[in-house]
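All remarks here apply to the structure that follows.
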Amino acid sequence: MLPNYRRCISCRKVASKEAFWRIVRVYPSGQLQLDLGMGRSAYLCPEQECLKAAQKKNRLGKALRARVPQEIYQTLWERLGAVSPGAASRGSATRTTHEMQRATRTTQETLAAGPGDLSPKQPDCSRSTV
Ligand SMILES: [Zn+2]
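Going by this note's numbering, the first residue of the sequence shown is number 11, and it counts up by one from there.
Below, the structure is given as structure tokens:
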């Protein structure tokens, strides 16, 4: 491969790196960003088909070995003048998943700690919740 030539992660087309979007997993923070930064990079044609494949098949995530935030795809779709298929569910999905995993682990630890209250049907006379 010629110097300064890169390969699209979706369609495998080879072209000058200026022809592609560059998505970078910045070192050492691990943050994903576009165009700039030092770190592991992935290249993608600025085309709907390639973006769609990269998103649907998680080619970007696999190429970068990182979780790709919805915002990255969102920005790329906006560059194409299109609306992201996942635009409705945009938000901090990464953080939510992380918190869910932590919550699950806490629940499992609680369950492992003991049988818990096996008689939940206590008469509720001590509490006066109306
Ligand atoms: Zn491509």
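Ideal placement from N, C-alpha and C gives every residue a C-beta, glycine not left out.
- Between the C-alpha atoms of LYS72 and VAL93 there is a straight-line separation of about 23 Å.
- In the DSSP assignment, GLN43 forms a beta bridge with VAL34.
- Looking at the DSSP output, CYS18 bridges to TYR53.
- In summary, ARG16 is buried, with 16 or more beta-carbon neighbours lying within 10 Å of its beta-carbon over all protein chains present.
- Between PRO79 and ILE19, the alpha-carbon positions lie close to 17 Å from each other.
- Around the C-beta of ARG35, 16 or more other C-beta atoms lie within 10 Å, and the residue is accordingly described as buried.
- At least one heavy atom of ligand 1 lies less than 6 Å from the C-beta of LYS23.
- Between ligand 1 and the CB of SER51, the shortest heavy atom gap is not smaller than 6 Å.
- GLN58 is classed as exposed because its beta carbon has fewer than 16 other beta carbons within 10 Å across all chains shown.
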